[in-house]
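What the sequence shown shows, in mature numbering (1 follows the signal peptide of the UniProt record, and there is no 0), is residues -23 to -1, 1 to 244, in sequence order.
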Amino acid sequence: MGPSAAASSVLILLLLLGAVVDAQPRGRILRGWEAQPHLRPYMASLQLDGKHICGGFLIAPQWVLSAAHCTEQMGDKHFQVLLGAHSLSAPEPHKRLYNVKAQIAHPGSNIHNNRDDLLLLQLEEKAELNEHVKVLPFQREDREVAADTLCDTAGWGTITHSGKRPDRLQEVQRPVISRELCNHRTRHDRTITEKMMCTDSNKKDTCKGDSGGPLVCNGVAEGVVTAGSRVCGNYKKPAIYTRIAPYAEWIDSIMASRDGDEDVATR
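Next comes the structure, spelled out in structure tokens:
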């Protein structure tokens, strides 16, 4: 084989290896899909300077629930909350950006772990509820969701390993896995507390920018997408959620202390 033929063979081999590398499920929500427009009218986009940062969802006309770690490195800034959106950029009938009156992280949250990773956002005014803007009920009964229960989540987070963000809402369905499995030394190694839950992350997963969105099981928000230093789509690093039910009393007390007896989504 001459030098030219040898060089060509090496080039072909490198191209084939590159194709294999690109096919690996790194840093993306794999095999999710675009949500049906406005069939998740509770979804919120938390934004800074017009850019999507995290997800969230409407739990009362003036309140959005999200993840506390979304506020890291914000300083004194407050989010704005986009409701009624499917596309982040296109004009839509009931899409509206709301200013935030108060953002209250759970006092137990911190940057060193995933514990108590909840954030309440009080809008400056009650959202105008309509077919594209609705409240999502959250779980109040402090019970475990059975393993293998199929749940879904949605967001405008990263969809490729290069960091590409979608303009339109994406969704994915994942089965719940037991805490015992999630805490295995080859998974999250005993860091998942009773106030957390996990879903299988094999090839289908949430990713950066989806934090704060709801994990919905049987029409009810059971958890909030939380932080996790993990490669998206890696089955050895299941997705972590903060269970909502253990925090129902805290949520109620914050809302009641700031605006009286607000109508709260219950079940």
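Backbone N, C-alpha and C define an ideal beta-carbon position, used for all residues, glycine too. Keep in mind it's a predicted model, so treat the numbers as computed, not measured.
Buried/exposed call for Lys172, threshold 16 Cβ in 10 Å: Answer is buried; the Cβ neighbour count reaches 16.
Assigned secondary structure, Trp133 (DSSP; H/G/I helix, E/B strand, else coil): Correct three-state label for Trp133: coil.
Separation of Gln50 from Cys194, as counted between CA atoms: Rounded to the nearest whole angstrom, the CA to CA distance from Cys194 to Gln50 is 32 Å.
Where Pro223 falls: helix, strand or coil (DSSP): Pro223: helix per DSSP, three-state reduction.
Inter-stretch contact at 8 Å, needing at least 3 Cβ pairs: the stretch 39 to 59 / the stretch 89 to 108: Of all C-beta pairs linking the stretch 39 to 59 to the stretch 89 to 108, three or more are shorter than 8 Å, placing the two stretches in contact.
Residues of its chain near Lys72, where Cβ-Cβ distance is below 6 Å and the 5 sequence neighbours each way are ignored: The residues are Gly61, Ala62.
Contacting residues, own chain, Cβ-Cβ under 8 Å from Asp166 (five flanking each side not counted): Within the same chain, Asp166 has close Cβ partners Asn160.
Residue environment, Asp187, which counts as buried when at least 16 other CB atoms sit within 10 Å: With 16 or more other Cβ atoms within 10 Å, it is buried.
Buried versus exposed, by CB contacts within 10 Å (16 or more), Ile154: Classification of Ile154: buried, given that the 10 Å Cβ count is 16 or more.
Three-way DSSP call (helix, strand, coil) for Met51 in this model: Met51 falls in the coil class under three-state DSSP.
DSSP beta-bridge partners of Ala37: According to DSSP, which records beta bridges pairwise, Ala37 is partnered with Trp40.
Cβ pair count under 8 Å reaching 3, the stretch 143 to 154 against the stretch 111 to 131: A contact exists between the stretch 143 to 154 and the stretch 111 to 131.
Lys180 beta carbon less than 7 Å from that of Gly210: It is a contact, given that the beta carbons lie within the stated cut-off.
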